[in-house]
Structures are given as C-alpha cells and as structure tokens.
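By the working numbering, the letter at position 93 of the sequence shown is numbered 893, and the numbering carries on one by one without gaps.
For each residue, glycine too, the CB sits at the ideal point set by N, CA and C.
These notes are about the structure you will find just below.
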Amino acid sequence: MKLIAVMSIEEYAGELRKIFSEHRVPVFSETEINGYKLLPDTSPNDNWFAGKHTSVYSHIVFAFVEAKKADELLEAIQQYCKQHECAYRSGRFN
C-alpha cells in the first residue's frame, strides 16, 4: 500500500477528482488548503512582516492505494498536465 497525496490549485480540483474516479479509487479524501507562493522579485528576508507571499486556494486529495494503482494515478496526472499545459509540474516521493 502507498499513500498518494496530490495537491492542486482550485481550478483543477474537479479534474483531479475525475482522475481518481476513472481509476476506480474506492475511497479518497479531499480538503481545501491555502497555498502560498513567494513572488519572484522578492527575497524571503525582505520585509517579512508585510507579507510578500501570494495566497492560492488549493486542494489536496489523498488515498491509500496499491503501489500499481499509485503509479497509474501519477502517470494519468502527468499526462493530463502535458495535454493541458499546466503551469505546475508534478512530482513524486517514494
């Protein structure tokens, strides 16, 4: 068994749910989270109190699945990202 956890921006949450359903993941969970992105022209040390981070509404979807199913899901997500030219890359930890 593997824990698969996929974070996405809110706009892709429906597609992510669809991929999990199409791959017949029997049980998965989802929660909304706030993500933060450091603006490219700032340093983490610049005026930390004022907040130089942009807030992004995100979702995280996670499930415990067999190793083969985890690989299939991650491959499907990578294919989706290639087809739709997603701004964010996908990655994995084993």
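Put residue i into one of helix, strand or coil per three-state DSSP.
{"i": "Phe862", "result": "strand"}
{"i": "Val825", "result": "coil"}
Note the first and the last residue of the continuous alpha helix (DSSP H) segment covering residue i.
{"i": "Tyr836", "result": "Where Tyr836 is concerned, there is no enclosing alpha helix (DSSP H), although the beta strand (DSSP E) it sits in stretches over Ser829 to Leu838."}
{"i": "Arg817", "result": "Ala813 to Glu822"}
{"i": "Glu810", "result": "Counting along the chain, Glu810 falls outside any alpha helix (DSSP H), and DSSP gives it neither H nor E."}
{"i": "Cys881", "result": "Ala867 to Gln883"}
Classify residue i as buried or exposed, calling it buried when 16 or more other Cβ atoms lie within 10 Å of its own Cβ.
{"i": "Ala805", "result": "exposed"}
{"i": "Ile833", "result": "exposed"}
{"i": "His884", "result": "exposed"}
{"i": "Ser829", "result": "exposed"}
{"i": "Leu838", "result": "exposed"}
{"i": "Tyr857", "result": "exposed"}
{"i": "Ala863", "result": "buried"}
Rounded to whole angstroms, how far is the Cβ of residue i from the Cβ of residue j, which I believe are closer than 8 Å?
{"i": "Ala870", "j": "Lys818", "result": "Not a contact, Cβ separation roughly 17 Å."}
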